[in-house]
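Trainee: Dumping the structure here so I can ask a few things about it.
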Amino acid sequence: QVQLVESGGGLAQPGGSLRLSCAASGSIFSINVMGWYRQAPGKQRELVAVITSGDMTVYADSVKGRFTISRDNAKNTAYLQMNSLKPEDTAVYYCNARGGSFNSWGQGTQVTVSS
6 QVQLVESGGG LAQPGGSLRL SCAASGSIFS INVMGWYRQA PGKQRELVAV ITSGDMTVYA
66 DSVKGRFTIS RDNAKNTAYL QMNSLKPEDT AVYYCNARGG SFNSWGQGTQ VTVSS
């Protein structure tokens with residue numbers, strides 16, 4: 006199993022930036038894909054970005070060109086750099102890690118974009 010702890014959420018102004026971090030522990034060598042998802046009030050959880058063990062990335066259309074996902078294997082950490090933030094990016098952001106036998110989620114971190 007893999008345990009995930011997110012950090013870096015908070016309040017940002019429209020047009021501002023935040024960086025989220027997701028620290029993984031446990032069976033980290035079995036992680037195939039890490040990703041970020043978000044859930045806004047009254048909406049379903051949706052994919053934001055994922056990165057594979059081979060560093061292939063996939064982004065939601067709504068964040069392309071503004072968000073960047075990356076991972077530091079030496080630190081067992083994934084990051085989500087969020088630039089040009091918009092009010093509609095407001096949500097709880099969840100880190101996810103998937104492997105052959107598990108699908109783990111972090112506890113979530115709140116991101117609020119407001120002036």
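The working numbering puts the first residue of the sequence shown at 6, with every later residue one more than the last. From the three backbone atoms N, C-alpha and C, an ideal C-beta is built for every residue, glycine too.
(1) Can you look up D60 in the DSSP assignment and give me helix, strand or coil?
(2) When you compare the CB of Q86 with every CB in chain B, is at least one pair closer than 8 Å?
(3) Residues bridged to I33 by DSSP?
(4) Tell whether a beta-carbon distance below 8 Å holds between A54 and V118.
(5) Using the three-state DSSP reduction, which class does S12 fall into: helix, strand or coil?
(6) For D94, which of Y84, V68, A79 has the nearest alpha-carbon?
(7) Does the region 108 to 116 touch the region 56 to 64, meaning 3 or more C-beta pairs lie closer than 8 Å?
Mentor: Well, looking at it:
(1) coil
(2) No chain B is part of this structure, which consists of one protein chain only.
(3) Answer is none; I33 lacks a bridge partner.
(4) no
(5) strand
(6) V68
(7) no
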